[in-house]
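In UniProt numbering, the protein residues as written are 1 to 287.
For each residue, glycine too, the CB sits at the ideal point set by N, CA and C.
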């Protein structure tokens with residue numbers, strides 16, 4: 001299969017515990033625990049596949065039983081795995097989250113193998129004449145992201161960058177002046193990049209653009225979302241839905257937005273489609 005999207009970043013197992021009960025620190029409640037393929041890069045790839053795209057993954061997966069299972073599962077979804085770095089000495093990464101009826105309670109991302117592999121995951125690019133969009137996630141190290149931000153191979157690339165979590169938002173600083181990068185951040189992550197809280201997604205998007213960013217999409221859960229570029233700032237409020245899950249919602253939004261633009265949607269329609277896709281995702285109870 002010939003890919004039309006590269007997803008560079010975390011490819012791992014998501015271990016997610018979910019309960020309908022409202023939870024807080026120390027809660028002990030009945031629920032369900034699932035293990036599914038995940039990681040920001042893989043989540044975007046899976047969602048993009050659902051929108052008719054053929055994504056390829058650049059990441060590291062261990063040559064352990066968990067890694068073999070993961071690669072096989074991803075391959076069955078129609079995602080290109082030929083460019084993955086398979087490591088003999090690094091274990092397959094994992095992510096663990098606990099979700100209650102009141103949203104995400106806590107999460108831990110164990111992406112140490114991705115960090116340890118470093119630029120080895122980029123080796124397949126040396127023989128690849130790539131001209132399509134590239135998704136990057138903030139689970140890559142700051143050093144590697146800084147290299148990518150200044151690498152001639154990526155200078156004019158259509159980079160779509162997501163921080164992975166608020167705790168990794170600072171890693172995206174090198175892309176604030178990249179001439180072709182689009183950042184996908186939530187309101188909290190935007191505030192971290194701007195070193196100050198923002199009133200809403202529109203204000204945050206305009207502030208990031210003023211900092212030199214080429215283009216930015218800012219989301220805020222069920223509240224206002226915004227897309228800002230040199231042509232202006234577009235705002236949209238997502239549909240109201242009953243939220244039953246949250247892990248992966250931002251990745252679904254990102255994939256839907258990319259797919260819409262590649263299908264010819266303008267900025268306003270692409271933002272609408274992404275908001276609708278995220279709303280459908282969070283209101284579904286099937287991983």
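Cα-Cα separation between residue 1 and residue 71, rounded to whole angstroms: Your numbering for residue 1 matches position 1 in the chain shown. Your numbering for residue 71 matches position 71 in the chain shown. Across the structure, residue 1 and residue 71 are spaced so that their CA atoms are roughly 16 Å apart.
Per DSSP, the bridge partner or partners of residue 5: As a first step, residue 5 must be located in the chain shown, where it is residue number 5. In the DSSP output, where bridge partners are listed per residue, residue 5 has 55.
Alpha-carbon spacing of residue 41 relative to residue 29, whole angstroms: Position 41 of the chain shown, counting from 1, holds the residue named residue 41. Position 29 of the chain shown, counting from 1, holds the residue named residue 29. Each residue's alpha carbon lies about 31 Å from the other.
Between the CA atoms of residue 55 and residue 49 - distance to the nearest angstrom: Sequence index remark: in the chain shown, residue 49 carries index 49 (1-based). Sequence index remark: in the chain shown, residue 55 carries index 55 (1-based). Their backbone Cα atoms lie some 7 Å apart in a straight line.
For residue 242, the three-state DSSP class (helix, strand or coil): Here residue 242 refers to the residue found at position 242 of the chain shown. Reduced to three states, the DSSP call for residue 242 is coil.
Residue 234 and residue 268 closer than 7 Å at C-beta: Stepping through the chain shown from its first residue, residue 234 is reached at position 234. Stepping through the chain shown from its first residue, residue 268 is reached at position 268. For residue 234 and residue 268, yes; Cβs fall inside 7 Å.
Close beta carbons around residue 229, own chain, < 6 Å, minus the five adjacent residues each side: For the purposes of this step, residue 229 is identified with residue 229 of the chain shown, where counting begins at 1. Within its own chain, the residues whose Cβ lies closer than 6 Å to the Cβ of residue 229, once the five positions on either side in sequence are excluded, are 215, listed in chain order.
CB of residue 278 within 7 Å of CB of residue 247, strictly: Start at 1 with the first residue of the chain shown, and residue 278 comes out as number 278. Start at 1 with the first residue of the chain shown, and residue 247 comes out as number 247. Cβ distance not < 7 Å, so residue 278 and residue 247 don't count as in contact.
Proximity below 7 Å, CB of residue 181 to CB of residue 145: Along the chain shown, read from residue 1 onward, the residue named residue 181 stands at position 181. Along the chain shown, read from residue 1 onward, the residue named residue 145 stands at position 145. With a cutoff of 7 Å on beta-carbon distance, residue 181 and residue 145 are scored as not near each other.
Cβ pair count under 8 Å reaching 3, the region 15-28 against the region 132-147: Using a Cβ-Cβ distance cut-off of 8 Å, the region 15-28 and the region 132-147 are not in contact, since fewer than three pairs of beta carbons, one from each stretch, lie closer than that value.
Proximity to residue 179 [Cα-Cα], best of 13, 156 and 244: Stepping through the chain shown from its first residue, residue 179 is reached at position 179. Residue 156 is the option with its Cα nearest to residue 179.
Reduced DSSP secondary structure (H/G/I, E/B, other) of residue 197: Your numbering for residue 197 matches position 197 in the chain shown. In this structure, residue 197 counts as coil in the three-state DSSP scheme.
For residue 90 and residue 81, the rounded distance between their alpha carbons: Counting from one through the chain shown, the residue named residue 81 turns up at place 81. Counting from one through the chain shown, the residue named residue 90 turns up at place 90. Rounded to the nearest angstrom, the two C-alpha atoms are 18 Å apart.
Sequence-distant residues of its chain with Cβ nearer than 6 Å to residue 87 (five each side left out): Residue 87 sits at position 87 when you count from the first residue of the chain shown. Counting only residues of its own chain and dropping the five nearest sequence neighbours on each side, residue 87 has a CB closer than 6 Å to the CB of 60 and 62.
The alpha helix (DSSP H) enclosing residue 148, as first and last residue numbers: As a first step, residue 148 is located in the chain shown; it is residue number 148 there, counting from the start. Looking at the DSSP string, the run of the alpha helix (DSSP H) that includes residue 148 is 142-150.
Nonlocal neighbours in the same chain, by C-beta distance under 8 Å from residue 110, ignoring five residues either side: Taking the chain shown and counting its residues from 1, the one referred to as residue 110 is at position 110. Excluding sequence neighbours, residue 110 sits near 12, 93, 94, 95 and 96.
Beta-carbon contacts of residue 20 that lie in its chain and below 6 Å, excluding the five residues immediately before and after: Here residue 20 corresponds to residue number 20 of the chain shown, with the count starting at 1. Within the same chain, residue 20 has close Cβ partners 101.
Length at least 4, wholly inside the region 36-110: the alpha helix (DSSP H) runs in chain order: As far as the region 36-110 is concerned, its whole alpha helix (DSSP H) runs of at least 4 residues are 40-50 and 65-76.
Residue 222 - partner residues in DSSP beta bridges: Here residue 222 refers to the residue found at position 222 when the chain shown is read from its first residue. Among the bridge pairs identified by DSSP, residue 222 is matched with 220.
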